[in-house]
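S.K.:
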Amino acid sequence: MKKEIAERLHAEYDLLWHDSMSALPDGWTEPLVNLLERMYRLSTVGPSNFMAPGVITWCQLRVAVYQSSAMAFASPMMPPGKWHPDRALACVEALAEFHGQTQETCVVCGADAFLRMRILGSNTEGVFCDEHNPGASDEA
Ligand SMILES: [Zn+2]
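Here it is in structure tokens:
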């Protein structure tokens, strides 16, 4: 990820940011922003809360980047009694959606994409759109 994008997200989401996120390719910036935004809004999910959205940091996040997807891991920062089922579910859904989105998003440009595998004629395994598929030039 470009350094200036990482720095901007770090400033914007402060406590939710973790340096592992800067290892994400540029194309996966949007799935990351969706994840951060949903985690930031977690205090508005479930029973009404007098605190403003995002004031509470419900989770600490880490990201692991793989060839064909990225995964987000969360550790709850609030004691168990604070976790209403709706809020816990919203947290798990945000993590699952991040993983799912990276599997369908070009690592280069962020366009719709799918997994290219070496055995299917691609040079490099990874999630690419038609334009950025590294194996595409070999097909002619
Ligand atoms: Zn692309």
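With my numbering as the guide, the letters of the sequence shown map in order to residues 612 to 751.
Where is the CB? At the ideal position from N, CA and C, for every residue including glycine.
As the structure is a prediction and not an experimental result, all values here were calculated from the model.
1. Looking at the secondary structure, which residues open and close the beta strand (DSSP E) in which Cys670 lies?
2. Count the other CB atoms, across all protein chains shown, that sit within 10 Å of the CB of Tyr624; report buried if there are 16 or more and exposed otherwise.
3. Look up Val719 in the DSSP assignment and say whether it is helix, strand or coil.
4. Helix, strand or coil: how does DSSP classify Ser679 here?
5. Can you tell me whether Tyr677 is buried or exposed? The criterion is at least 16 other CB atoms within 10 Å of its CB, across all chains shown.
6. Can we say the segment 718-733 touches the segment 665-674, given the rule of at least three CB pairs closer than 8 Å?
7. Cα-Cα, which of Ser679, Ala705, Ile730 and Lys614 is closest to Leu653?
8. CB of His710 to nearest heavy atom of ligand 1: below 7 Å?
9. Can you find a heavy atom of ligand 1 that lies under 7 Å from the Cβ of Val738?
10. In this structure, does DSSP put Arg652 in helix, strand or coil?
11. Please determine whether the Cβ atom of Glu641 lies at a distance below 7 Å from any heavy atom of ligand 1.
M.R.: The relevant details are as follows:
1. Cys670 to Val676
2. buried
3. coil
4. coil
5. exposed
6. no
7. Ala705
8. no
9. no
10. coil
11. no
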